[in-house]
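J.: Mapping of the sequence shown onto my numbering: position 159 corresponds to residue 171, and the numbering continues sequentially without gaps. Just so you know, even glycine gets a beta-carbon here, dropped at the ideal spot from N, CA and C. Before I ask anything, let me first share the structure, which is written out below as structure tokens.
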Amino acid sequence: MAVFDSPQEAFGILRPICVQLTKTQTVENVESLQSKLHVVSDSALQDLQEYILFPLRFTLKTPGTKRESLVQSVVECITFVLSTTCIKKEDLLQELFSELCLCLSSPNSQKPAPVSEELKLAVVQGLHTLMHSAYGDIILSLYQPCTLPHLGFAISLLLTLVEQEKSKQIKTSALKCLQVLLLQCDCQDHPKLLDDIETKKLGDLFASFLPGISTTLTRIITGDFKQGHVIIISALKIFYKTIAFIMADEQLARIPKDKEKFSVEHRVAELMVHRDANWVKNTGDKLAALIEKIVEFISVHPHWKARMELIELVQDLLLKCRQSLLKSVGHLLKVLVGLVNDENLDVQNRCNNVLKNFADQRIVVESRVLTDILSENLHSLATALPRLMSSQDDQGKYSTLILLLGYLKLLGPKVNFILHSVAHLHRLSKALIQVLELDVTDVKIVEERRQGPDGLAESSSSLSEPPFHKSKSQRKYFRFFTDERIFLLLRQICQMLGYYGDLYLLVDHFMELYNESVIYRKQAAMILNELIAGASGIEVEVLHETHSRASTEELKEIITSILEEYISQKNWYLVTSNEAEGNREELTMKHSDLQAITSGVHTCHLVPLPSSSELNLTVCSMNSNIWQICIQLEGIGCFAHALGIEFRVLLMSALYPVLEKAGDKTLLISQVATSTMIDICHACAYDCPRDLINHNADYLVNEISLNLHQMALFPHTPIVLEIMFQNSDATLLPLVDDVIQDVLLSLDQFHDERAASFLSVLHTVLAALARWFPEAKGDKQLQEQEFRKEKYGLHQDSATLGKGFAFTTSPEEIERFLLDYLRNKDVADGNVSDSDKEVVPCFPEEQPLTPEAEMNDVCPDVEATLPVQIQIAKNVMERCIHLLSDKDLKTRLKVLDVLELCVTVLQSHENQLLPMVHRAWLPLVHRLTNDDPLAVLRAFKVLCTLGNKCGDFLRNRFSKDILPKLAGSLVTQAPVSARAGPVYSHTLAFKLQLAVLQGLGSLCNKLDLGGGDLNKVADACLIYLSAKQPMKLQEAARSVFLHLMKVDPDLTWFILNELHCPLLYEPPHPSLHPVSLSGMAKSRTEYTDNVLLLLAELQG
């Protein structure tokens, strides 16, 4: 805190040291003075300012060589005084300005004196403080024609320090000082220029320094990146603010034709510049070269703040100097269009804001000059685009396309001037077609096949995701670039063309390319899709909001024509694989051209089959076809998004083909078609694919019915029906009942050629029926379970279920069971007396019949009408029985799958199921005992399902026809699996063993096998309890015995103890014989562990 507040007290303290310093100029005296200044108040220092500065200035003016440390101390002390006081005299300001500059001057050179960095920094900071200490308009006294040499020297000095010094601190301080010297300081203390006269005078004065400032700053800005972005940003700011001040159009418009005469020396007068038209033109031409150099350098600067400052440069110069810097406008606009998609979000946003500002002020659109410049640049770029796309690397392509996109955004509706030029439209389209060429060499695209009827149901969850324009599309790989950003740019370019351009012209042009060559077709389709997306105006970033986009009717008309071309037979039914049904079927004409896109009616005509040479397609060709179909499917989704709810009108034409592709065996096509269905649901306001299909089922069913009668021409029809069943509900059944009958008739007619397709459809139908009509466990099954409990007297405690069995049969229950047994035996033998006939039977009293039962009893020959799903399942099962012996293995496997579903659907109607099972039994036995292992596996799965649904009906059949061979197979294969290594678990033989063991126990339980059959099962499975068997087979064998425990626990206990008995059983009475089991005498064996586990389960 200051001690001396009054000037008198301060003078008394400072006078001795000031006198001493005047007499002896030493560092110590200067430091002593500075220390005394710290205890003097600011007001006292202001009054004593000139007195204090005198000895310091005297020290600097003293002739002779002075030590740098002394000069540095003096400058620092002057800086301290100036920081706390104000300069109120013009002459004092000018003298101090000159004296500080002379501290760094070299008498024999224009370069700064070779002094220490500390002194240079002190002088620069002193000048900076001096400029800020000038009071009011006093600072303007420095900016007079007479002071031109002094200003020039100071500016040159500071520029030299910035350019040549290595210290970043000196560079930064010199730039700040230069900014203040050029009246560009943003601080509040700096005077603001208010009137036009002063502005003009300063502009004339600074014009003299413009060449030196601009060239030196350009070298600094385009120098080494290592100097740091802060220095480059500061230099850039000084550069464009100086140019914007001197070359401002508004200021130059008021410059008189004749040069003003000043009362100064002749040499000084010659330095003054008259900013007439010639000077403006010459200077603008020279600055254009510098601006171009800066723009090219900073546009790719690694630091985002440098690129951000470049945007400020463009905005300032275009707003203030677009007439005086006419030759630079192209370069400046190039910056905006180049940074509009910068990797940094802040730079992007700032660039978009500047472009938006220009669009709002209609600077480009209403300026013929700027429009011409942009058009010329776009012409040049379009001309060079094909060459650039083929020769540049990814980064070069990215930069070029950013420019193209920016030009389109800036030109807005005036882009049509370029599009109406045939030559330039051709060049632009050629470049886009060329760069969008896909890489179709990946063999995985052809190899990846759709597995199983996954359908659209699993994709319904994606309805909660954003619609088409935001959702993830299939990743595409291009021939000429790998950077995903390039594809995004190309999409934006096409969308911008669709939004601003003549849509009819563009669609016609690219449709010509689409039809011109197969090579162009995929690229043209991608471009057409994006043109429509852009024309809809949804999610398109535009600058000219006043531009009116295409109407819905226009879009609908254009989309209709494109859609008709997409789904025509030559572009929709392409060869995508070499599977069993053959390329000849794929290439057969299946659909003719559409007569009317909205009619939904497909007529057909026969065409010759292609030759064998045409069928020999390469992987690349099939890949190309796959991608073409995918792109067209994406286009349909895009069209739906563009039209919204209005797309419902076109569903009669679009939905059927999309459903065909949703069931395509090529995984990529199926995925894209599924995504397209989701897009259509979003656009047409359907809740899910099921809702979409149900609302359009009448049209789909009608077309399916027509096409099924001409399967040779419409081989993909079953796929549509399959997809419908996968993604619908029971409400569809009444509509498709007749169609299913048509499928069955077609299967009868084409079972040799089309069995796989029809069986796939029937499998889907039956799976849907099983899903739509789930049947609860029937009463008969419950009665069977109760009967089984009574038969064996088993009462399982729910708390110990699965852990053991508790037998709590009372003596009375045993007595009643034996009496009933004896009575029934007498009845069976015919030993019944009259008195016995009057005995009340042990069966419960019969319940009165219901009206329905009475009606059935009265009319036993009248068969009740079957539910639709039961009748369908019965009809399908009849076909399956005939096809179980088909010579083709794939067909037999498919038939077995369908047969299993038929049993599931028919389980609640035994009167229909059991006769069909009887008919199917012999073919099924052949599949189980004399067929390929794959078929045996599938047939055993069907057998397990039959056992679960039919129960006692199959007991004798199973025991007689299947069990002996299954048991023999297990016994034969057991030594093989016991000796095999770990690779054995991957063989088909192992899988067959495992499946049989896993299902055999359940079959025994469901079929309620007797003792002899249980012995066969146990004997066959005992060997698999060996520790030598693979672990999975041991576990499966244990599961068999766990099921046997439920059927006959006593027998199971005895069999296990015969193998290994862990306990010795003492007779409870001496009169009883001792218990002797084979397993008692055995020591630990390979079966011991598994037997002990099972016995522990049995004992609970």
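What are the complete alpha helix (DSSP H) segments, minimum 4 residues, inside the stretch 750 to 787?
T.: Runs found: 767 to 784.
J.: Once you ignore the five residues that flank I310 on each side, which residues in its own chain have a CB closer than 6 Å to its CB?
T.: The answer, listed in chain order, is A318 and L322.
J.: Let me confirm a value: R969 is counted as buried when at least 16 other C-beta atoms fall within 10 Å, else exposed. Which label applies?
T.: Flag for R969 reads buried.
J.: Measuring straight from C-alpha to C-alpha, what distance separates A674 and Q722?
T.: Their Cα atoms are separated by approximately 21 Å.
J.: Round the Cβ separation of V4 and I90 to the nearest angstrom and send it over; I've been treating them as touching at under 8 Å.
T.: Only positions 13 to 1112 of the chain appear in this structure, which leaves residue 4 out of reach.
J.: Can you have a look at T494 and say buried or exposed, based on whether 16 or more other CB atoms are within 10 angstroms of its CB?
T.: That one is exposed.
J.: In whole angstroms, what is the alpha-carbon distance linking P1042 and A947?
T.: Cα-Cα distance, rounded: 24 Å.
J.: Could you tell me if N706 is buried or exposed, where buried requires 16 or more neighbouring beta carbons within 10 angstroms of its beta carbon?
T.: Buried, because 16 or more other Cβ atoms sit within 10 Å of the Cβ of N706.
J.: If you draw a straight line from the alpha carbon of K602 to that of K582, how long is it in whole angstroms?
T.: Note on K602: pLDDT 39, under 50, position unreliable in the model; no value is reported.
J.: Using 8 Å as the threshold, is the C-beta distance between I244 and I233 below it?
T.: Cβ distance < 8 Å, so I244 and I233 count as in contact.
J.: By Cβ distance, which residues of its chain are closer than 6 Å to N356, with the 5 residues on each side in sequence left out?
T.: These residues qualify, in order along the chain: W316.
J.: Can you give me the C-alpha to C-alpha distance between Y489 and V777, rounded to a whole angstrom?
T.: Those two C-alpha atoms are separated by around 38 Å.
J.: With 16 other CB atoms within 10 Å as the buried threshold, where does A1039 fall?
T.: Looking at its Cβ environment, which holds fewer than 16 other Cβ atoms inside 10 Å, A1039 is exposed.
J.: Would you report the Cα separation of P478 and V530, rounded to the nearest angstrom?
T.: Since pLDDT at P478 reaches only 43, below the 50 mark, its modelled position is unreliable, and the value read off the structure follows with that caveat. Their Cα atoms are separated by approximately 33 Å.
J.: Comparing alpha-carbon positions, which option in D749, E272, N290 and L299 lies nearest T228?
T.: It is L299.
J.: Going by the beta-carbon positions, is the gap between R939 and L1009 smaller than 8 Å?
T.: Their beta carbons are not under 8 Å apart, which means R939 does not touch L1009 by this criterion.
J.: Is DSSP giving V285 helix, strand or coil here?
T.: Correct three-state label for V285: coil.
J.: Within the stretch 971 to 1046, note down every full alpha helix (DSSP H) run reaching 4 residues or more, in order along the chain.
T.: Runs of the alpha helix (DSSP H) inside the stretch 971 to 1046: 975 to 991, 1000 to 1019 and 1023 to 1034.
J.: Alpha carbon to alpha carbon, how far is L586 from L1026? Give it in angstroms, no decimals.
T.: Going from the Cα of L1026 to the Cα of L586 covers about 58 Å.
J.: For F490, which beta-bridge partners are listed by DSSP?
T.: DSSP, once it has assigned bridges, lists L450 as partnering F490.
J.: Taking Cβ positions, are V954 and L936 nearer each other than 8 Å?
T.: Contact flag set, yes.
J.: Quick one: using the 10 Å Cβ neighbour count with 16 as the cut-off for buried, is D764 buried or exposed?
T.: Burial call: exposed.
J.: Would you check if the stretch 1090 to 1106 and the stretch 1069 to 1081 touch, i.e. whether three or more CB-CB distances between them fall below 8 Å?
T.: Judged by Cβ distances under 8 Å, the stretch 1069 to 1081 makes contact with the stretch 1090 to 1106, as three or more pairs qualify.
J.: Under the assumption that L540 contacts F522 (Cβ atoms under 8 Å), give the Cβ distance between them as a whole number of angstroms.
T.: Confirmed, about 5 Å.
J.: Which two residues bound the contiguous alpha helix (DSSP H) that contains E1078?
T.: From DSSP, E1078 is part of no alpha helix (DSSP H); its letter is neither H nor E.
J.: Considering Cα atoms alone, identify which of D208, Y147, D149 and L214 is closest to L163.
T.: Nearest of D208, Y147, D149 and L214 to L163, Cα basis: L214.
J.: Among R266, D59 and R931, which one has its Cα closest to the Cα of F16?
T.: Of R266, D59 and R931, the residue nearest in Cα terms is D59.
J.: Given a threshold of 16 other Cβ atoms within 10 Å of its Cβ, counted over all protein chains shown, does F1124 qualify as buried or as exposed?
T.: Residue numbering for the chain in the displayed model covers 13 to 1112; residue 1124 lies beyond these limits and cannot be assessed.
J.: Determine the direct distance from the alpha carbon of S687 to that of L655, and round the result to whole angstroms.
T.: Their Cα atoms are separated by approximately 17 Å.
J.: Using 8 Å as the cut-off, can you tell me whether the stretch 354 to 374 makes contact with the stretch 398 to 408, which would need three or more C-beta pairs spanning the two stretches below that distance?
T.: No, they do not touch.
J.: Just to confirm my understanding: we take F92, look at its own chain, exclude 5 residues before and 5 after, and list those with CB closer than 7 Å. What are they?
T.: Around F92: Q46 and L49.
J.: When the cut-off is 8 Å and only beta carbons count, does S971 lie next to chain D?
T.: As a matter of chain content, chain D is missing from the structure shown, which is built from one protein chain.
J.: Within 10 Å of its beta-carbon, does A301 have 16 or more other beta-carbons around it, so buried, or fewer, so exposed?
T.: Answer is exposed; the Cβ neighbour count stays below 16.
J.: For A435, count neighbouring Cβ atoms within 10 angstroms of its own Cβ and tell me buried if that reaches 16, exposed if not.
T.: Per the 10 Å Cβ criterion, exposed.
J.: Find out if the Cβ-Cβ distance for the pair C158, V280 is shorter than 8 Å.
T.: Yes. Within cutoff.
J.: Sorted by chain position, which residues of the same chain lie with C-beta nearer than 8 Å to S636's C-beta, five sequence neighbours on each side aside?
T.: Closer than 8 Å at Cβ, skipping near neighbours: L450, V452, V530 and K534.
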